[in-house]
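Enquirer: Numbering (the UniProt record's numbering), first residue to last: 1 to 408.
All residues carry an ideal CB built from backbone N, CA and C; glycine is no exception.
None of these values were measured; they are calculated from a predicted model.
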Amino acid sequence: MSKQITQSETISSRYFTWKLRRREGVYFADGRSCTPSLGRHSLGTRSREEALRALVELDLTKAVEHGLAEPSALQGSDLDPLSLEEGRRLYLEHAGRAPVVGGVRPASLKRYRAVLDKFMEFAVGRGLTAWNQVTDQTLQDYAAVLQDKGYHYRTQYLELTTLKQTIGWLVRAKHLPSGRSIELRLRKPEGTDTYCWRPEEVRAMLEFCRASNDLAWLGDVLLALAMTGLRISELASLRWRDVDLRNRTIQLVDESTRGGDRQLATVRTTKGRRGRTFPIQDDLLPVLSDMGRHKDGYIFHGPLGGRIKADTVRRILIREVLFPLADRFPTAEGDIGFIHGRLHSFRHFFCSMCANRGVGQQVVRRWLGHKESRMVDHYYHLHDDEARRQMQRLRLFGEADGNGAVGQ
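(1) For Pro303, which residues of its own chain have a beta-carbon under 7 Å away from its beta-carbon, when the five flanking residues on both sides are left out?
(2) Taking the alpha carbon of Arg23 as the point to measure from, which residue in Phe346, Ser8, Arg111 has its own alpha carbon closest?
(3) In the DSSP assignment, find the unbroken beta strand (DSSP E) run with His41 in it and report its ends.
(4) With H, G and I counted as helix, E and B as strand and the rest as coil, what does DSSP make of Ala29?
(5) Alpha carbon to alpha carbon, what distance is there between Ala236 and Ala204?
(6) Could you check how far apart the C-beta atoms of Asp193 and Ile336 are, in whole angstroms? I think they sit under 8 Å.
(7) Could you check where the alpha helix (DSSP H) with Ile316 kicks off and where it finishes?
(8) Suppose only complete runs of 4+ residues qualify. What are the alpha helix (DSSP H) ranges in the stretch 102-165, listed by chain order?
(9) Could you please give the first and the last residue of the uninterrupted beta strand (DSSP E) stretch that includes Ile250?
(10) For my contact list, Tyr15 and Ala63 are in at a C-beta cut-off of 8 Å; report their separation, rounded to the angstrom.
(11) Quick test of the definition: if touching needs 3 or more C-beta pairs under 8 Å, does the stretch 165-173 touch the stretch 297-311?
(12) Return the residue from the list His348, Gly360, Arg365 that minimises the CA-CA distance to Leu225.
(13) Measure the Cβ-Cβ separation of Phe329 and Glu201 and say whether it is below 8 Å.
(14) For Ser12, report the span of its beta strand (DSSP E) as first-last.
(15) Using 10 angstroms around the beta-carbon of Glu234, count the other beta-carbons present and answer buried if the total reaches 16, otherwise exposed.
(16) As a quick exercise: from Glu57, Asp59, Phe28, pick the residue whose alpha carbon is nearest that of Ser47.
(17) Along the chain, where does the alpha helix (DSSP H) containing residue 481 start, and where does it finish?
(18) Could you work out which residue in Leu368, Leu325, Arg53, Ala73 is closest to Leu252 when comparing CA atoms only?
(19) Below 8 Å, can you find three or more Cβ-Cβ pairs linking the stretch 100-119 to the stretch 36-47?
(20) Look at the alpha carbon of Asp78 and the alpha carbon of Glu57, and state the distance between them as a whole number of angstroms.
(21) How should Phe397 be labelled, buried or exposed, when 16 other C-beta atoms within 10 angstroms of its C-beta is the threshold for buried?
(22) Any idea what DSSP makes of Phe338, helix, strand or coil?
(23) Could you check if Gly219 is buried or exposed, using at least 16 other CB atoms within 10 Å of its CB as the buried criterion?
(24) Please state if the CB of Ser178 and the CB of Ser42 are separated by a distance shorter than 8 Å.
(25) Got a sec? Which residues, its chain only, sit under 7 Å from Ala95 by beta carbon, not counting five neighbours each side?
(26) I need the straight-line Cα distance from Asp244 to Ile250, nearest angstrom please.
(27) Going straight from the alpha carbon of Leu264 to that of Arg97, what length do you get?
(28) Could you compute how far the alpha carbon of Gly358 sits from the alpha carbon of Tyr151?
(29) Strictly under 8 Å for the Cβ-Cβ distance: is Gly67 near chain B by that measure?
(30) Mapping the DSSP letters down to three states, classify residue 411 as helix, strand or coil.
(31) Are there 16 or more other CB atoms within 10 angstroms of the CB of Met227, so buried, or fewer, so exposed?
(32) Am I right that Asp55 and Trp18 are in contact with their C-beta atoms under 8 Å? What's the rounded C-beta distance?
(33) Does DSSP classify Val359 as helix, strand or coil?
(34) Where does Tyr15 sit, in a helix, a strand or coil, going by DSSP?
(35) May I ask which residues mark the beginning and end of the beta strand (DSSP E) holding Arg393?
So, in structure tokens, the structure goes:
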């Protein structure tokens, strides 16, 4: 059934002429006939009087966005400006609400806080003091700064997406006027620039760690990452109660919905809040079986006996393993190679190994904990050696027999 749209009326505001119409009772302002096109915006109300007031704010906002008015004009509008600091506080408070009503994981909240703090430093440097002054052009300028500073495309996309959703929520929660939504479109990144280890590289790293008593613990961590596809945060949270050595399975459970009086720091939350179960690989089984049981219940520990931390493992991997082995696996200038690999590269390696050995995509999806199959496609890529083997199977005329001869 099509949505009911009432006849529009023309409203000549200070800067632009708008078409005001109702859709299922809610007022919209249509500026698509303006030059340049201003798009169509919900005014968020069923009251004509409130819609006209919101339209004044929208008209001024678009004028600032297109250079017809100074950003400072927004501070003199009928609505009180929402300071950058107050808007940040309101959004983080919303995002950090209880999980049962949609609050995000602590790791996500930490990332949001970092993104907002960095953007606010940029905004203040540009003379902005309120979220009312943030426009599409502001985010375009910020994207240019991130690009100039060498941030990866994926990082730029995630930061700008966070800013858009922050402003969107401030509008929906009526902390900002309805015309303040950001219309800027972002191109979602395709593929990945994360390096995927080769089997010989993983083998070399494991042998290097096993040859040193000081790095034996790291060798166990790297083997577990390579043979499970777990994220480092998931591996660090793994407890003995999650492992069934007799039945050779690992069960990773999201604990965010469990009751009790357990401290928040000990509650495990998985990405997407989805648990999963997968078998223990043959090479990993004896390593787990020979490990001692620590009184804290966690499986993997660092060189001093404490729980492993992602940043610590990453730094030691780079300093103590990658740099010493870099000459064995040289990387051409300008390329992404061995020296650029990181902990997440083991997840890529696991998935690539599964793909090259014919493991079903749906099975790997379950092992990795991805809800959508297209997410597994992100990891399903072939190494050059495997690609060459597949290419050699193609023949211009007929099929090759077992001796390599081409049939007629």
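Expert: Judging by the given coordinates:
(1) Asp214, Trp217
(2) For Arg23, the nearest C-alpha among the options comes from Ser8.
(3) 40-42
(4) DSSP, read as helix, strand or coil, puts Ala29 in strand.
(5) About 23 Å.
(6) 6 Å
(7) 310-316
(8) The stretch 102-165 contains these whole alpha helix (DSSP H) runs: 106-125, 136-148.
(9) 249-252
(10) Indeed, because the Cβ distance is near 4 Å, the residues count as touching under 8 Å.
(11) Contact between the stretch 165-173 and the stretch 297-311 is absent, because fewer than three Cβ pairs lie under 8 Å.
(12) His348
(13) yes
(14) Unbroken beta strand (DSSP E) run through Ser12: 9-12.
(15) buried
(16) Phe28
(17) The requested residue 481 is not part of the displayed model; the chain covers only 1 to 408.
(18) Looking from the CA of Leu252, the closest CA among Leu368, Leu325, Arg53, Ala73 belongs to Leu368.
(19) no
(20) Since pLDDT at Asp78 reaches only 47, below the 50 mark, its modelled position is unreliable, and the value read off the structure follows with that caveat. Approximately 8 Å, taken between the alpha carbons.
(21) Around the beta carbon of Phe397, fewer than 16 other beta carbons lie within 10 angstroms, which makes this residue exposed.
(22) helix
(23) buried
(24) yes
(25) Gly103, Val104, Leu109, Tyr112
(26) If I take the Cα positions, the gap works out to 6 Å.
(27) Since pLDDT at Leu264 reaches only 49, below the 50 mark, its modelled position is unreliable, and no value is offered.
(28) Their backbone Cα atoms lie some 36 Å apart in a straight line.
(29) The chain inventory of the structure shown lacks chain B, comprising one protein chain alone.
(30) The chain is shown from 1 up to 408; residue 411 falls before or after that span and cannot be answered.
(31) buried
(32) A quick correction: the sequence has Leu, not Asp, at residue 55. That belief holds up - the Cβ atoms of Leu55 and Trp18 are roughly 6 Å apart, short of 8 Å.
(33) coil
(34) coil
(35) It is not in any beta strand (DSSP E) - Arg393 carries neither H nor E in the DSSP assignment.
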